[in-house]
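Here is the structure we will look at.
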Amino acid sequence: MSGVSLGDILEYLGRLNLISVLDILLVTAVIYTAFLLIRGTRAVQVLRGFIGLALIFLFLSSIVELPALNWLISNTLPVLLLAIPVIFQPELRRALEQLGRTGNYLRFFRRQEANPVVQAVKDACLRLSQRRHGALIVFERDTGLQEYIDTGIPLDAQVTPELLLTIFNKNTELHDGAVIIRNGRLAAAACVMPLSTSSLSDRQMGLRHRAALGISEVSDAVSVVVSEETGRVSITHNGRIIRRQDPTRLDDILNAFLQKTPNTRKKLLS
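Residue numbers for the sequence shown, in this note's numbering: 1 to 270.
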């Protein structure tokens with residue numbers, strides 16, 4: 001294999017101009033942004049495997065003449081490029097939605113109704129946790145959730161702890177689905193959420209946790225989930241699950257996501 005000398009590197013650097021440097025920076029920015037958008041999704045694991053295989057194939061083809069392998073790689077790559085939008089449709093949808101969001105970080109909960117809504121959800125979750133009643137509460141943000149609201153029972157009711165406790169009582173027909181809060185009001189109950197395909201490390205996490213993760217993977221919604229088995233309260237957002245929330249932290253995180261700036265959210269989640 002022919003080596004690359006220091007002189008070759010210096011000669012290449014000498015041919016660089018401002019346009020070349022700008023081109024490299026733009027490509028780097030695009031790749032970095034793409035990684036940020038798919039971070040935390042199953043696409044990252046597949047991409048790592050694909051890059052690993054590609055590096056192995058390139059290494060083998062550089063030291064040994066492998067015409068069959070080179071032919072396979074050159075003919076498979078176009079097919080893979082066409083298959084990527086189909087395989088990673090949820091991830092691409094999520095990435096495009098993130099790119100299309102505005103820079104207005106003061107959500108619809110910026111009004112005075114925000115604190116009572118968050119307080120009502122927190123109080124209900126604490127009482128549901130003590131009773132070991134499972135619950136899934138989804139806050140709509142920028143990404144509309146009308147398609148999921150349509151799967152449930154419309155309510156358009158004021159958010160109160162008593163109403164949430166009634167809905168998630170095991171003896172009611174509404175307790176199995178999710179409730180969606182839109183514009184500070186309880187829009188619907190018994191809503192069907194998309195299930196996440198990501199693996200859950202904790203076996204005590206069931207369908208509610210998968211549903212909470214699923215809606216956070218396809219939208220910017222924030223969900224609060226109460227485990228029926230353990231009574232633990234968790235929050236999901238952006239394909240991530242933040243487990244075992246105490247009352248103060250639950251209140252702070254919900255207010256951070258629904259009211260405050262991204263810097264405040266990062267500080268609370270760190």
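Just so it is clear, CB atoms sit at the ideal spot from N, CA and C, and this is done for glycine as well. Bear in mind the structure is a predicted one, so any value in this text is a computation, not a measurement.
Asked                                                                                                                                                       : Found
Considering only their Cβ atoms, is the gap separating Leu165 from Ser223 smaller than 8 Å?                                                                 : no
Between Ile180 and Leu145, how many whole angstroms is the CB-CB distance? I'm expecting something under 8 Å.                                               : 6 Å
Return yes when the Cβ of Ser196 is within less than 8 Å of the Cβ of Gly214, no when it is not.                                                            : yes
So, under 8 Å CB-CB, Ala221 and Val138 are touching, yes? Tell me the CB distance rounded to an integer number of Å.                                        : 5 Å
To which residues of the same chain is Phe57 closer than 8 Å at the C-beta, ignoring the five residues directly before and after it?                        : Leu69 and Ile73
Any chance you could list the beta strand (DSSP E) runs of at least 3 consecutive residues sitting entirely within the region 112 to 153, in chain order?   : 135 to 139
Per DSSP, what kind of secondary structure is Leu16 in: helix, strand or coil?                                                                              : coil
Tell me, please, which residues DSSP counts as bridged to Leu186.                                                                                           : Ala157 and Ile181
Going straight from the alpha carbon of Ala271 to that of Asp156, what length do you get?                                                                   : The structure shown does not extend to residue 271, since the chain spans only 1 to 270, so no value can be given for it.
Using C-beta distances below 6 Å, list every residue in its chain close to Leu254, excluding the 5 sequence neighbours before and after it, in chain order. : Val118
Looking at the strands, I want to know which residues DSSP matches up with Val233.                                                                          : Val226
In terms of residues, what are the limits of the beta strand (DSSP E) holding Arg240?                                                                       : Arg240 to Ile242
Report the option in Val225, Leu22 and Ile24 whose CA atom is closest to the CA atom of Leu126.                                                             : Val225
Verify whether the separation of the beta carbon atoms of Val218 and Pro247 is less than 8 Å.                                                               : no
Going by other Cβ atoms of all chains shown within 10 Å of its Cβ, with 16 needed for buried, is Arg110 buried or exposed?                                  : The pLDDT assigned to Arg110 is 44, lower than 50, so where the model puts this residue is not dependable, and the model offers no usable value.
What are the start and end residues of the alpha helix (DSSP H) that includes Glu217?                                                                       : Leu207 to Val218
Assign Ser20 to buried or exposed, taking buried as 16 or more other Cβ atoms, counted over all protein chains shown, within 10 Å of its Cβ.                : exposed
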